[in-house]
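Trainee: Chains A and B supply the protein sequences, listed in that same order. Position 242 of the first sequence, counted from 1, bears residue number 242 in the numbering used here, the numbering being contiguous throughout. Count along the second sequence from 1, add 1000, and you get the number used in the numbering used here.
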Amino acid sequence: MSDSKIHDVLILGSGPAGLTAAIYTARASLDPLVLEGEPSSTGDQPGGQLMLTTEVENFPGFPNGIMGPELMIGFREQALRFGADVRTEKATRVDFTSRPFRVWVGDPAAPDPTYLAHSIIVSTGATALMLDLPNEQRLLGHGVSTCATCDGFFFREHDIAVVGGGDSALEEATFLTKFARSVTIIVRRDELRASKIMQDRALANPKINILWNTVVTDVIGDQTVEKLVTQNTQTGETSELIATGLFVAIGHRPNTSLFAGQLDLKDNGYLITHAPSTRTSIPGVFACGDVQDDTYRQAITAAGSGCAAAIDAERWLEANHESE
Amino acid sequence: MSENITNLTEATFDEVINASAEPVVVDFWAEWCGPCKMIAPVLEEIAAEQGDAVKITKLNVDENPAIAQRYGVMSIPTMLVFRNGEVDRKVVGAKGKAQLIEEFGL
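(1) Is A/V216 near the ligand SAH, going by C-beta to nearest heavy atom under 7 Å?
(2) Along chain A, in chain order, which residues have C-beta atoms closer than 9 Å to that of B/S1075?
(3) May I ask you to list, following chain order, the residues of the stretch 56 to 85 of chain A that have a beta carbon less than 8 Å from some beta carbon of chain B?
(4) Counting only beta-carbon separations shorter than 8 Å, does A/M130 have a partner in chain B?
(5) Would you mind stating whether A/L239 and A/T233 have Cβ atoms separated by less than 8 Å?
(6) What residues of chain B sit near A/E136, judged by a beta carbon separation below 8 Å?
(7) What residues in the stretch 163 to 183 of chain A bring their beta carbon closer than 9 Å to a beta carbon of chain B?
(8) Along the chain, where does the alpha helix (DSSP H) that runs through A/I6 open and close?
(9) Report buried or exposed for A/P349, applying the criterion of at least 16 other Cβ atoms within 10 angstroms of its Cβ.
(10) Cβ of B/A1094 less than 8 Å from any chain E Cβ?
(11) Just mark A/G236 as buried or exposed, buried being the case when its beta carbon has 16 or more other beta carbons within 10 Å.
(12) Just the C-alpha distance for A/T53 and A/T42, rounded to the nearest angstrom, thanks.
(13) At 7 Å on the CB atoms, spell out the chain A contacts of B/K1037, in chain order.
(14) Could you tell me the alpha carbon to alpha carbon distance between A/L258 and A/L35, rounded to whole angstroms?
(15) Short of 7 Å in beta carbon distance, which residues of its chain neighbour A/P100, apart from the five on each side in sequence? Order them along the chain.
(16) Helix, strand or coil: how does DSSP classify B/K1058 here?
(17) Counting only Cβ pairs nearer than 9 Å, list the residues of chain A close to B/V1042.
(18) Note down the Cα distance separating B/E1015 from B/L1008, rounded to an integer number of angstroms.
(19) Is it right to say A/T25 is buried, meaning 16 or more other beta carbons lie within 10 angstroms of its own, or is it exposed?
(20) Here's the rule: buried if 16 or more other CB atoms are within 10 angstroms of the residue's CB, otherwise exposed. What is A/R81?
(21) For A/T107 and A/D151, what's the separation of their Cα atoms in angstroms?
(22) Could you name the residues that DSSP lists as bridge partners for A/S145?
(23) Mind checking whether A/L228 and A/V219 have CB atoms under 8 Å apart?
(24) In this structure, what does DSSP give as the bridge partners for A/S239?
(25) When you compare the CB positions of A/G37 and A/D44, do they come within less than 8 Å of one another, or not?
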């Protein structure tokens, strides 16, 4: 499994950040190796979170919008065109304590690493948070969904609920009204975090109803979701909401568990980079995209930071004469 | 499309499932589903490697909604593994190759 070559650049992750870094480092003849991750339905997968989204309307250059998965297939093709080596593998362990850096795929206890690299670009992104209720997990795929684009189709004429008050929640809710009879948005506070344009659109939609100051405390259903138990955060009062579908969009956590103890992390788990650069606490290891961004978290900012990481890595390799 | 993966429709589904001596994996998918696209090449690999030990098939839920409904599919990708014409295992969501092979019981 292991290859003896020392790669100039190894990129972990393949969302907008990782693939932009791949395009730039490939064009700089650094032969990047991209471990794009393994398929999943939670955000931590090849193509990143955009693989689970619907229409992307704010990515410049696409005046009529583009579907998230389609955009990411384009990113990947562009990286391949310039010779990036993209592998559907997921790192299970890294060792950045000595150089060349070492990365394992498969058994993390294997004595020898799978790959060696002079520089690393970390772009492992973030994973969607779930409510963490036992019945939510049990009913996943039976009314509980992590992907509105994938599953909206199955909820024609259903009454469903979306949890969350940010842009993704409102975008999902608006998208789901194409299929559902009604969509109830359940919001913890008495206001929405989402952008003005998304709020206006959702509030104007006759199929959308908002339940303020409310959290979901349980999901009821034997074979499939039948109803939700909710609690008012102000009064503590519990009630039930008839809903046969539950879509959760309450935010993300960065995929940094692999790096804990090696790279400096913020208290909220995001990687620390030293602006205005993509340097991490270890020279030769750079980070870009949502894994280090708890502020903007947009596809375009991720792509921008991926470009920056590629340039930082290239300059660092030059200065350290490690590029072959 | 690969020669290793059979495309099922409402017209062919029952026959293929019932006639097969080996286990049949049915991948319920649709054009608009990102994770479905990600697992397509993984299923290709499994089909190529496993040869005659398993029959890997796919079913477009958009074109064949009755079958999806019959098996209560509410999320894609969903993969059903049929043994002797009966659903033996159900795998919901995209996963890596090793995990899929394990969950299919191959």
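Beta carbons: idealized from backbone N, C-alpha and C, even for Gly. In this text the structure is predicted, and so the values were computed from the model without any measurement.
Mentor: Quick look at the numbers:
(1) The model depicted lacks the ligand SAH and carries no ligand whatsoever.
(2) S41, L140, G141, H142, G143, V144, S145, T146, C147, C150, D151, F154
(3) M67, G68, P69, M72, I73
(4) no
(5) According to the sequence displayed, residue 239 of chain A carries Ser and not Leu. Against a cut-off of 8 Å, the Cβ pair of A/T233 and A/S239 comes out as no contact.
(6) Under the 8 Å cutoff, chain B gives no residues; its nearest Cβ is about 13 Å from A/E136.
(7) none
(8) Here A/I6 belongs to no alpha helix (DSSP H); instead the beta strand (DSSP E) covers 6 to 12.
(9) This structure cannot speak to residue 349 of chain A, because chain A is shown only from 1 to 324.
(10) Here the protein chains are A and B, and chain E is not one of them.
(11) exposed
(12) 11 Å
(13) P69
(14) 14 Å
(15) I6, L116, A117, H118
(16) strand
(17) E38, P39, T88
(18) 10 Å
(19) buried
(20) exposed
(21) The identity of residue 107 of chain A in the sequence shown is Asp, whereas the question assumes Thr. C-alpha separation (whole angstroms): 33 Å.
(22) A/F247
(23) yes
(24) A/T230
(25) yes
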